[in-house]
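Residue numbers (this note's numbering): 215 to 460.
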């Protein structure tokens with residue numbers, strides 16, 4: 215019994231010390247409201263297609279390697295494939311480096327995606343601001359991002375956490391609040407992205423609106439993704455046939 219008490223006491227002391235060391239404090243007073251969320255309409259201003267023929271849209275970046283010295287840039291063109299080239303550099307007036315990506319497209323039930331581009335920028339310097347342009351040779355758009363510091367035990371880096379996001383009016387409030395934090399450097403997304411699966415036949419147009427919605431953040435800092443149950447898809451045509459024959 216004495217040994218058991220000593221073990222419990224040691225465990226409590228260890229947990230108390232760990233709690234003190236790991237206590238980051240309250241980082242935000244923001245709380246998303248508890249009322250039933252309402253999706254924004256497809257013509258909401260945050261879903262608008264950027265102007266110009268074949269203008270790159272849904273631009274987003276994610277970390278391209280384990281230590282943060284690479285970034286994957288993705289975007290969509292609606293009218294034609296266009297260029298896979300990304301111009302980039304450390305000055306917005308001198309994009310003196312370039313990288314070539316690839317393009318793909320997919321079909322889902324009665325939906326055909328735009329042309330989806332991916333391009334990896336490698337051997338980037340740490341803790342450095344980079345500017346990049348997509349849509350080279352056509353309607354182009356320029357964005358920027360900052361690489362993380364060199365990994366070490368004293369490096370300071372601030373992550374945001376968002377999950378179960380969707381594209382509701384509350385989603386807009388959440389994203390606005392997140393972007394207002396000047397220290398947020400990278401977002402860890404915890405799954406359940408667009409909630410397109412809540413629409414008939416998992417309407418993939420709602421993936422496009424969502425991609426344009428989050429661009430105002432994810433084009434400028436990496437979002438690192440994990441999937442949730444709302445990313446599970448099915449073949450709508452098979453479900454439709456089943457209901458038709460019953």
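Built from N, CA and C at the ideal position, the CB exists for glycine as well.
Assign residue i to one of three DSSP states: helix, strand, or coil.
| i | result |
| --- | --- |
| residue 235 | Here the model assigns residue 235 a pLDDT of 48, short of 50, so the residue's position is not dependable, and the following value carries that caveat. In this structure, residue 235 counts as helix in the three-state DSSP scheme. |
| residue 364 | coil |
| residue 314 | strand |
| residue 432 | helix |
| residue 427 | helix |
| residue 230 | A caution first: residue 230 carries a pLDDT of 47, below 50, which makes its placement in the model unreliable, though a value can still be read off. If DSSP states are grouped into helix, strand and coil, residue 230 belongs with the helices. |
| residue 442 | coil |
| residue 260 | helix |
| residue 301 | strand |
| residue 383 | helix |
| residue 374 | strand |
| residue 415 | helix |
| residue 307 | coil |
| residue 253 | strand |
| residue 466 | There is no way to answer for residue 466, as the model of the chain reaches only from 215 to 460. |
| residue 482 | Only positions 215 to 460 of the chain appear in this structure, which leaves residue 482 out of reach. |
| residue 320 | coil |
| residue 392 | helix |
Taking 7 Å as the CB-CB cut-off, is residue i touching chain D?
| i | result |
| --- | --- |
| residue 372 | Annotation note: the requested chain D is absent from the structure, which comprises a single protein chain. |
Just to confirm my understanding: we take residue i, look at its own chain, exclude 5 residues before and 5 after, and list those with CB closer than 8 Å. What are they?
| i | result |
| --- | --- |
| residue 324 | 415 |
Excluding the 5 residues preceding and the 5 following residue i in the sequence, name in chain order all residues of the same chain whose CB lies nearer than 6 Å to its CB.
| i | result |
| --- | --- |
| residue 340 | 361, 363 and 364 |
| residue 409 | 380 and 444 |
| residue 236 | In this prediction, residue 236 scores a pLDDT of 49, lower than 50, which makes its location untrustworthy; the coordinate-derived value is nonetheless stated afterwards. Correct list: empty, nothing qualifies. |
| residue 425 | 272 |
| residue 296 | 268 and 352 |
| residue 311 | 302 and 303 |
| residue 327 | 319 and 320 |
| residue 419 | none |
Note down, in chain order, each residue of its chain lying with its Cβ closer than 7 Å to the Cβ of residue i, except the 5 sequence neighbours on either side.
| i | result |
| --- | --- |
| residue 298 | 314, 315, 316, 317, 331 and 333 |
| residue 421 | 408 and 410 |
Since residue i and residue j are thought to touch, with beta carbons under 8 Å apart, how far apart are those beta carbons, to the nearest angstrom?
| i | j | result |
| --- | --- | --- |
| residue 345 | residue 356 | 6 Å |
| residue 389 | residue 437 | Contact doesn't hold; Cβ gap of about 11 Å is too wide. |
| residue 347 | residue 309 | 6 Å |
| residue 372 | residue 399 | 5 Å |
| residue 403 | residue 440 | 7 Å |
Sufficient close CB pairs (3 or more, under 8 Å) joining the segment 264 to 277 to the segment 285 to 297: Touching, yes.
Three or more C-beta pairs below 8 Å linking the segment 250 to 264 and the segment 376 to 384: Three or more beta-carbon pairs drawn from the segment 250 to 264 and the segment 376 to 384 are found closer than 8 Å, and the two stretches are therefore classed as touching.
Beta strand (DSSP E) runs wholly inside the segment 329 to 361, at least 3 long, in chain order: Those beta strand (DSSP E) runs which fall completely within the segment 329 to 361 and span 3+ residues are 329 to 335, 343 to 348 and 355 to 360.
Validate contact between the segment 301 to 321 and the segment 390 to 410 using beta carbons, cut 8 Å, 3 pairs: The segment 301 to 321 vs the segment 390 to 410: no contact.
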